[in-house]
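Okay, structure first, notes after.
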Amino acid sequence: MNYKKNMYVISRPGQLEQHHRETMNKNYLIKLHKSFGTVDADSAAFIHARQHLVPALINASLLIQKFFGNGTRLSLMLTDKESIYPNLFIQIHTTLSQPNASAILEMFEKVWLETESSENLVDLTANLVFE
6 MNYKKNMYVI SRPGQLEQHH RETMNKNYLI KLHKSFGTVD ADSAAFIHAR
56 QHLVPALINA SLLIQKFFGN GTRLSLMLTD KESIYPNLFI QIHTTLSQPN
106 ASAILEMFEK VWLETESSEN LVDLTANLVF E
């Protein structure tokens with residue numbers, strides 16, 4: 006058997022960690038694309054600098070699908086890009102009426118707040134986009 010295919014030759018300290026980070030970067034982008042579609046360059050750079058947000062985003066995506074229904078379209082939008090405190094919006098695209106969608110959003114946010122650390126939610130906001 007040839008085991009060299011899965012082996013890494015470490016020629017300098019940190020090389021394996023760098024390979025792991027590069028693999029992780031590709032994986033989180035794939036996961037985000039599956040949940041949110043195409044992520045624009047500004048949002049991707051924001052997330053790249055705050056990779057600890059990726060699990061919160063994936064969790065939000067799963068909860069939104071649960072509350073709003075499978076197939077609910079989601080997107081990400083970065084606001085205040087030039088600000089010291091930019092904010093990443095999880096946009097929930099819906100055809101529900103405003104009162105119904107707002108009530109569901111409130112239920113989603115309650116559960117999301119209970120399942121995420123406040124550190125993760127500082128930079129994230131969910132909002133509705135009516136279609």
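Going by the working numbering, the letters in the sequence shown line up with residues 6 to 136, in that order. Heads up, the beta-carbon is just placed ideally off N, CA and C, and yes, glycines get one too.
query: Residue burial classification, residue 44 (beta-carbon count within 10 angstroms, cutoff 16); result: buried
query: Residue from 125, 92, 122 and 131 with nearest C-alpha to residue 109; result: 131
query: Candidates 127, 128 and 117: closest to residue 66 by CA position; result: 117
query: Buried versus exposed, by CB contacts within 10 Å (16 or more), residue 61; result: buried
query: Beta-carbon gap between residue 79 and residue 40 smaller than 8 Å; result: yes
query: Extent of the continuous alpha helix (DSSP H) run through residue 107; result: 103-120
query: Stretch pair the stretch 45-55 + the stretch 82-95: three plus CB contacts closer than 8 Å; result: yes
query: With 16 other Cβ atoms within 10 Å as the buried cut-off, status of residue 89; result: exposed
query: Continuous alpha helix (DSSP H) stretch holding residue 98: start and end; result: No alpha helix (DSSP H) holds residue 98; the beta strand (DSSP E) holding it covers 92-99.
query: Cβ neighbours of residue 14 in the same chain (closer than 8 Å, five flanking residues each side left out); result: Interpretation of residue 14 is limited by its pLDDT of 42, a score under 50 that renders its predicted location unreliable; the figure taken from the coordinates is listed afterwards. Excluding sequence neighbours, residue 14 sits near nothing in its chain.
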